[in-house]
């Protein structure tokens, strides 16, 4: 990876956008470093696609500013149209030109540029499409169409590459392979990339940093580990991976839950204790519980257990241990849980 | 300088909003459509007492009622012709149903005044049959009955065009559900199928009703005093121009209220609310020996609408040639018709595109709705009304009067909705994301339209052009009123010869007209099949 920590490829500050008077993006502020792959992750309708479209210039910002590669593209009344931003985009539906061949699609963005043929050949080679140049786009499979869309976007060597849910139209069985390919290509070119997705696995597995977005705002931005292990809000924790959430009132700077007592601040407020299922283990001594359901996944399994005070908890354990509903087990924590304020 | 203006126009458009160039061009086109009705209104206000005399006469009331009865009867008769054919070709195993479906639309190539002329030239006094049988028997073909039959026979294909796709899209599971409650085929048809076809029936019926109101040639030849005939007679023979203007305005109001009625009744019920995607294709109903009855029925219609016209025209053509009529005599009319109709088609399509783009891509923009409504006014305004108002406009704009520019402008106003509709359909099939993609790849809005939108949507644009071309060559009243001196279209030739019962002289231009109109029909059929 060659992320240049000190150079910024993009800086968004206070961007807002609204449709029919309803604000869909509010105060969008974040940076992307040169060569970095940033994933914007969030539930559908959170404004992540609109954010991409703002960056590409397809939507109008009502406030805020945006610089791409050090050049201002949105600033008060100064708006640079999409064709002058040097941003490549891969659309969710790929948006290939149906009346053109693969080659014509790729050459479309290179008109009047010197070394056009070489750039086209390079883009084709990079995406493994060298023999597909003369094909019509409707003759291609979904994965191939996606590669054409990528080749077309990277051929003009953009300063910034935007990927809008690039895997959502693919068959689930193809997804991880295509994701790997795309990741490799993006790394090879070294283009700064912003990926938008609602799939946490996708975001965590290929991004250098993940920005979690909800209701038109970025609520947390950080490395995949930070986002997963130190979520700053219950929303983030619940959306990214499974979490057991237990509530309790804080008193004497601690919160009491069926899984134990943990340090907390703000006496009198309600605190949420977040425990990932894999941070709970079956043990000889611990909290007694009864197995109610078993979900077997092969690589591991989830046991749903009921504590004696009726609290339901999910535990992820290895796939060899055999327990059936009705079995009595003991559970304990293998890692200190995260305690957050429950308001908000 | 021009480049600078262009840059300004393109630059000042924000994303998601129409460019100024687009708004301006759509506004110019839409504002032109207000011209005819407003000129009519000026004329009436100018001579308000004469206009009031014309409007509040007993004869006008009679005329209105007579025209309404005529319109309703034609629409009902056309429905009775079209519905069985649509159902037979879509839902049964009738052999050769595809060819029948194509043939059944072919009467669209025959203008109703040619249809009327054929009826007279076949059955009328001195017509083909009395000529062949050497006996003049008076058949009661003139008047209400004759005009109604002719109109229904040559306009039913409009209903066929809206009904066939609707029948094809019916979800057979609804009928099966009805059957599972123990209802028979007829009850199911009446209570389940027919209500679902209502939107198609009413939009097709609306086209026919408006056509009937607006049609001038057929009722005139059939000597039926429809609104259009009365207006024309007033304008031509007595030079009672204010009376003609007042009646034309009344006719426009009637047409608009029919449109309003259709919109109003359509708005209250929904038939597509619970449609589940990907329903199975309906099974074909086996006709068995019933197919002979079906063939007889369809055969009769096709005999009357295709065989009879071509046969009668050929008969009179041969009679004409043997009497010394020159084949080459229509050459000039043919050329001029082609030229004018082609030009009208191109101008109309160009005028329609900005409006179609506005309605498809910028439906939330504040001016879109008013522009759309205005541009559709030609759909409701009878040609005679538009033609007359431009004649009045010509009094003030002497330069334009009886110029090709004014004639073409009238065609554009009248047929704009056809081109907008066709362009809309194909623009709706162009995903907005491919336009965004093209812009992201460094192209301006105009460049994207030229290299992506237009090539992908070309079918709709050509369809619109073909439709306008077809209707222009058949058009009669506007051409009669606004034709520049020395311009003779095929339609005018057919009209002037047949209104004086010179069938032999009318046959050649009429046949030429049919041949000419079948080309755009072929284009439309080809485009429809490749979809």
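Residue numbers (the working numbering), protein chains in the order written: chain H, 1 to 344; chain U, 1 to 531.
Think of the CB as a built atom: it goes at the ideal place given N, C-alpha and C, for glycine as much as any other residue.
None of the values given here were measured: they were computed from a predicted structure.
Task: Buried versus exposed, by CB contacts within 10 Å (16 or more), residue 474(U) - done: The residue labelled residue 474(U) in the question sits at position 474 within the second chain. Under this definition residue 474(U) is a buried residue.
Task: Proximity test, Cβ basis, 9 Å: residue 83(H) and chain U - done: Within the first chain, the letter at position 83 stands for residue 83(H). Chain U contact via Cβ: present.
Open item on the list: Using 8 Å as the cut-off, can you tell me whether the region 360-380 of chain U makes contact with the region 242-259 of chain U, which would need three or more C-beta pairs spanning the two stretches below that distance?
Closed with: yes
Open item on the list: Mapping the DSSP letters down to three states, classify residue 399(U) as helix, strand or coil.
Closed with: Reading the second chain from its first residue, position 399 is the one you call residue 399(U). Coil.
Task: Rounded separation between residue 275(U) and residue 307(H) - CA only - done: The sequence position of residue 275(U) within the second chain is 275, counting from 1. The sequence position of residue 307(H) within the first chain is 307, counting from 1. Since pLDDT at residue 275(U) reaches only 48, below the 50 mark, its modelled position is unreliable, and the value read off the structure follows with that caveat. When rounded, the distance between both Cα atoms is 47 Å.
Task: Chain-ordered neighbours of residue 16(U) on chain H, where CB pairs are closer than 7 Å - done: Locating residue 16(U) in the second chain gives position 16, where the first residue counts as 1. Going along chain H in sequence order, the residues near residue 16(U) (Cβ under 7 Å) are 59 and 60.
- [ ] Under the assumption that residue 56(U) contacts residue 477(U) (Cβ atoms under 8 Å), give the Cβ distance between them as a whole number of angstroms.
- [x] To locate residue 56(U), count along the second chain from 1; it is residue 56. To locate residue 477(U), count along the second chain from 1; it is residue 477. Not a contact, Cβ separation roughly 25 Å.
TODO: Give the DSSP bridge partners of residue 67(H), in chain order.
DONE: Numbered from its first residue, the first chain carries residue 67(H) at position 67. Its beta-bridge partners are 11(H) and 72(H).
Open item on the list: I'd like to know if residue 152(H) contacts chain U, where contact means its C-beta is closer than 9 Å to some C-beta of that chain.
Closed with: By 1-based counting over the first chain, the position of residue 152(H) is 152. Contacts with chain U at 9 Å (Cβ-Cβ) include residue 152(H).
Task: Environment of residue 339(U) [buried if 16+ CB atoms lie within 10 Å] - done: Your numbering for residue 339(U) matches position 339 in the second chain. Answer is exposed; the Cβ neighbour count stays below 16.
TODO: For residue 46(U), return the contacting residues in chain H, with the cut-off set at a CB-CB distance below 7 Å.
DONE: Here residue 46(U) corresponds to residue number 46 of the second chain, with the count starting at 1. Under the 7 Å cutoff, chain H gives no residues; its nearest Cβ is about 45 Å from residue 46(U).
Open item on the list: Taking the alpha carbon of residue 225(H) as the reference point, which residue from 132(H), 208(H) and 311(H) has its own alpha carbon closest?
Closed with: Translated into the one-based positions of the first chain, residue 225(H) becomes position 225. Ranked by how close their Cα comes to the Cα of residue 225(H), the residues 132(H), 208(H) and 311(H) have 208(H) in first place.
Open item on the list: Please state the DSSP three-state secondary structure of residue 127(H).
Closed with: Locating residue 127(H) in the first chain gives position 127, counting from the first residue. Three-state DSSP puts residue 127(H) in coil, outside helix and strand.
Open item on the list: Can you find the residues in the same chain that come closer than 7 Å, C-beta to C-beta, to residue 78(U), ignoring five residues on each side of it along the sequence?
Closed with: The residue labelled residue 78(U) in the question sits at position 78 within the second chain. Around residue 78(U): 152, 155, 156, 159 and 208.
TODO: State the Cα-Cα distance for the pair residue 353(U) and residue 405(U), rounded to the nearest angstrom.
DONE: Against the second chain, residue 353(U) aligns to sequence position 353. Against the second chain, residue 405(U) aligns to sequence position 405. Taking the straight line joining both Cα atoms gives about 20 Å.
TODO: Only counting runs of 4 or more residues, tell me where the alpha helix (DSSP H) segments fall wholly within the region 440-509 of chain U, in order along the chain.
DONE: 445-448, 454-474, 477-482 and 490-498
Open item on the list: Only counting the same chain, and skipping five residues up and downstream in sequence, which positions put a Cβ closer than 8 Å to that of residue 179(H)?
Closed with: The count along the first chain starts at 1 and reaches residue 179(H) at position 179. Hits under 8 Å: 167, 202, 205 and 206.
Open item on the list: Buried or exposed, going by whether 16 or more other CB atoms sit within 10 Å of the CB of residue 37(U)?
Closed with: Position 37 of the second chain, counted from the first residue, corresponds to residue 37(U). By the Cβ neighbour-count rule, residue 37(U) is buried, with 16 or more other Cβ atoms within 10 Å of its own.
Task: Residues from the region 405-433 of chain U in contact with chain H, defined by Cβ distance under 7 Å - done: Of all residues in the region 405-433 of chain U, 431 and 433 have a Cβ within less than 7 Å of some Cβ in chain H.
Task: Amino acids of chain U, ordered along the chain, whose beta-carbon sits closer than 7 Å to that of residue 93(H) - done: To locate residue 93(H), count along the first chain from 1; it is residue 93. Per Cβ cutoff of 7 Å: 431 and 433.
Open item on the list: Residues in the same chain with beta-carbon distance under 8 Å from residue 336(U), minus the five sequence neighbours each way, listed in chain order, please.
Closed with: Reading the second chain from its first residue, position 336 is the one you call residue 336(U). Hits under 8 Å: 487, 488 and 489.
TODO: Using a cut-off of 7 Å between C-beta atoms, extract the partners of residue 460(U) located in chain H.
DONE: Residue numbering aside, residue 460(U) sits at position 460 when the second chain is read from its first letter. Contact note: residue 460(U) does not reach chain H at a C-beta cutoff of 7 Å; the least C-beta distance is about 14 Å.
TODO: Using the Cα positions of residue 263(H) and residue 342(H), report the straight-line distance between them to the nearest angstrom.
DONE: By one-based count along the first chain, residue 263(H) stands at place 263. By one-based count along the first chain, residue 342(H) stands at place 342. Their Cα atoms are separated by approximately 14 Å.
Task: First and last residue of the uninterrupted alpha helix (DSSP H) at residue 285(H) - done: To locate residue 285(H), count along the first chain from 1; it is residue 285. Premise fails: residue 285(H) lies in the beta strand (DSSP E), 280-296, not in any alpha helix (DSSP H).
Open item on the list: Using beta carbons (cut-off 9 Å, strictly below), is residue 277(U) in contact with chain H?
Closed with: The residue you call residue 277(U) lines up with position 277 of the second chain. Residue confidence is low: residue 277(U) scores 49 on pLDDT, short of 50, so the model does not pin down where it sits. Its coordinate-derived value is still stated next. No, residue 277(U) does not count as interfacial toward chain H.
Open item on the list: Can you tell me whether residue 318(U) is buried or exposed? The criterion is at least 16 other CB atoms within 10 Å of its CB, across all chains shown.
Closed with: Position 318 of the second chain, counted from the start, is the residue given in the question as residue 318(U). Label assigned to residue 318(U): exposed.
TODO: Decide if residue 105(H) is buried, meaning its Cβ has at least 16 other Cβ atoms within 10 Å, or exposed.
DONE: Sequence index remark: in the first chain, residue 105(H) carries index 105 (1-based). Result: buried.
- [ ] Scan the region 174-238 of chain H and note each continuous beta strand (DSSP E) run of 3 residues or more that stays entirely inside, going in chain order.
- [x] 192-197, 209-214 and 217-222
TODO: Buried or exposed for residue 510(U), please, with buried defined as at least 16 other CB atoms from any protein chain shown within 10 angstroms of its CB.
DONE: For the purposes of this step, residue 510(U) is taken as residue 510 along the second chain, with counting starting at 1. When all chains shown are included, residue 510(U) counts as buried.
- [ ] Give me the Cα-Cα distance between residue 186(H) and residue 193(H), rounded to the nearest whole angstrom.
- [x] To locate residue 186(H), count along the first chain from 1; it is residue 186. To locate residue 193(H), count along the first chain from 1; it is residue 193. Taking the straight line from one Cα to the other gives about 8 Å.
Open item on the list: I'd like to confirm the pairing. Which residues does DSSP put opposite residue 247(H) in its beta bridges?
Closed with: Sequence index remark: in the first chain, residue 247(H) carries index 247 (1-based). Per DSSP, the beta-bridge partners of residue 247(H) are 272(H).
- [ ] Whole angstroms is fine: what's the gap from residue 10(H)'s alpha carbon to residue 69(H)'s?
- [x] For this step, residue 10(H) is matched to residue 10 along the first chain. For this step, residue 69(H) is matched to residue 69 along the first chain. In this structure, the straight-line span from the alpha carbon of residue 10(H) to that of residue 69(H) is close to 6 Å.
Open item on the list: Looking at residue 65(H): is its Cβ nearer than 9 Å to the Cβ of residue 21(H)?
Closed with: The residue labelled residue 65(H) in the question sits at position 65 within the first chain. The residue labelled residue 21(H) in the question sits at position 21 within the first chain. No, they are not a contact pair.
Open item on the list: Taking CB distances under 9 Å as the criterion, tell me whether residue 9(H) reaches chain U.
Closed with: Within the first chain, the letter at position 9 stands for residue 9(H). No, its Cβ sits nowhere closer than 9 Å to a Cβ of chain U.
TODO: Leaving out five residues on either side along the sequence, give the residues of the same chain with a beta carbon under 7 Å from the beta carbon of residue 119(U).
DONE: Within the second chain, the letter at position 119 stands for residue 119(U). Closer than 7 Å at Cβ, skipping near neighbours: 141, 146 and 150.
Open item on the list: Does residue 196(U) pass the burial test, meaning 16 or more other C-beta atoms within 10 Å, or should it be called exposed?
Closed with: Taking the second chain and counting its residues from 1, the one referred to as residue 196(U) is at position 196. It counts as buried.
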